[in-house]
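For reference, the structure discussed in these notes is given below.
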């Protein structure tokens, strides 16, 4: 049990938005990335705030950091800095509570065309103590995302050390096969996303070990994160060299160079339900 546990107050905040306030304290959080963050969409109010704070505070408790974040603090920040229709990021370590705001960069074209994904050559450890937490140790993900974008992709898919699908650099992944929903199980080594949880609690979903063949022969694929929401995948490029050298699991004879996917009616319903629930779309 953490001694001297306390909740952060607005005086603890370093705010980096339209105004900049506060002073960073140098410690293990800044020096070694021993901290955790959460990112949420704020419309007229934060979307699924309770779940975001539950996940963040669980990480702080797991790694024995002596501070917690509550709803009152977030609501005070939103009110003081007039955060509306923006992305709000909370970053916490042993010495700092930092909040950032930014505009949502996802536009209509992003949703209309669907995503083009690549396979990352970086394997994620399913046994890392950090892999199920939104840690500021995010370098392997960001570097892989930058490389994918340099090659013209929107994102990349990570596999674990056993050869199974984990997630993308910024999102959870779902497939649709025979009108059923599937997503990689937590034990594969992935961040349990907030929107992933929303879908698990509102639709029948099978959590499973997912192979590269499951991706290749899916009827539909989509990704989810808290800022973008659900986004359809239009294409996945399967790099045979990466598949071979990384020893990714194949259940069937893998012959496809690309997976090409149409928007599936099941995805259309999930996306529509999400937009109606949180954005009032008709």
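Numbering (the numbering used here), first residue to last: 150 to 431. For each residue, glycine too, the CB sits at the ideal point set by N, CA and C.
So what does DSSP say about residue i, is it helix, strand or coil?
i: residue 316; result: strand
i: residue 361; result: helix
i: residue 341; result: coil
i: residue 396; result: coil
i: residue 294; result: helix
i: residue 267; result: strand
i: residue 275; result: coil
i: residue 195; result: strand
i: residue 217; result: strand
i: residue 417; result: helix
Between which two residues does the beta strand (DSSP E) harbouring residue i extend?
i: residue 321; result: 321-326
i: residue 380; result: 378-386
i: residue 309; result: 304-309
i: residue 372; result: 369-374
i: residue 186; result: 184-191
i: residue 224; result: Note, residue 224: premise wrong, no beta strand (DSSP E); alpha helix (DSSP H) at 220-229.
Once the 5 residues before and after residue i are set aside, which same chain residues still bring their CB inside 7 Å of it?
i: residue 286; result: 182 and 279
i: residue 178; result: 184, 242, 243, 244 and 245
i: residue 396; result: 312
Could you tell me which residues DSSP puts in a beta bridge with residue i?
i: residue 422; result: Paired residues: none, contrary to the question.
i: residue 332; result: 356
i: residue 407; result: 386
i: residue 254; result: According to DSSP, which records beta bridges pairwise, residue 254 is partnered with nothing at all.
In its own chain, which residues sit with a C-beta less than 6 Å from the C-beta of residue i, not counting the 5 before and 5 after it?
i: residue 377; result: 255
i: residue 157; result: 216, 218, 222 and 246
i: residue 176; result: 243 and 244
i: residue 424; result: 430
i: residue 167; result: With a pLDDT of 48 at residue 167, under the threshold of 50, the predicted position of this residue should be treated as unreliable, and no value is reported.
i: residue 111; result: Past the boundaries of the shown model lies residue 111; the chain is included only from 150 to 431, so the question cannot be answered.
i: residue 267; result: 297, 302, 305 and 386
What residue range does the alpha helix (DSSP H) around residue i cover?
i: residue 205; result: 198-211
i: residue 159; result: Note, residue 159: premise wrong, no alpha helix (DSSP H); not H, not E.
i: residue 181; result: 177-181
i: residue 259; result: 257-262
When you compare the CB of residue i with every CB in chain B, is at least one pair closer than 8 Å?
i: residue 282; result: Absent from the structure is chain B; it holds one protein chain and no more.
Only counting the same chain, and skipping five residues up and downstream in sequence, which positions put a Cβ closer than 8 Å to that of residue i?
i: residue 153; result: 215
i: residue 320; result: 304, 342, 372, 373, 374, 377 and 380
i: residue 383; result: 262, 263, 264, 265, 409 and 410
i: residue 329; result: 353 and 355
i: residue 415; result: 325, 328, 330 and 369
Cβ of residue i versus every heavy atom of the ligand PLP: is any distance shorter than 7 Å?
i: residue 189; result: The ligand PLP is absent from the structure shown, which contains no ligands of any kind.
On the three-pair Cβ rule with 8 Å, is the segment 259-275 touching the segment 223-236? Short answer: they don't touch.
Between the segment 293-310 and the segment 340-349, do three or more beta carbon pairs fall short of 8 Å? The answer is no - the segment 340-349 does not touch the segment 293-310, with fewer than three Cβ pairs under 8 Å.
Counting Cβ pairs, one atom from each stretch, are 3 or more of them under 8 Å apart for the segment 232-252 and the segment 203-218? Yes, the segment 232-252 touches the segment 203-218.
Do the segment 311-324 and the segment 351-367 meet, that is, are 3 or more Cβ pairs less than 8 Å apart? Output reads yes: the segment 351-367 touches the segment 311-324.
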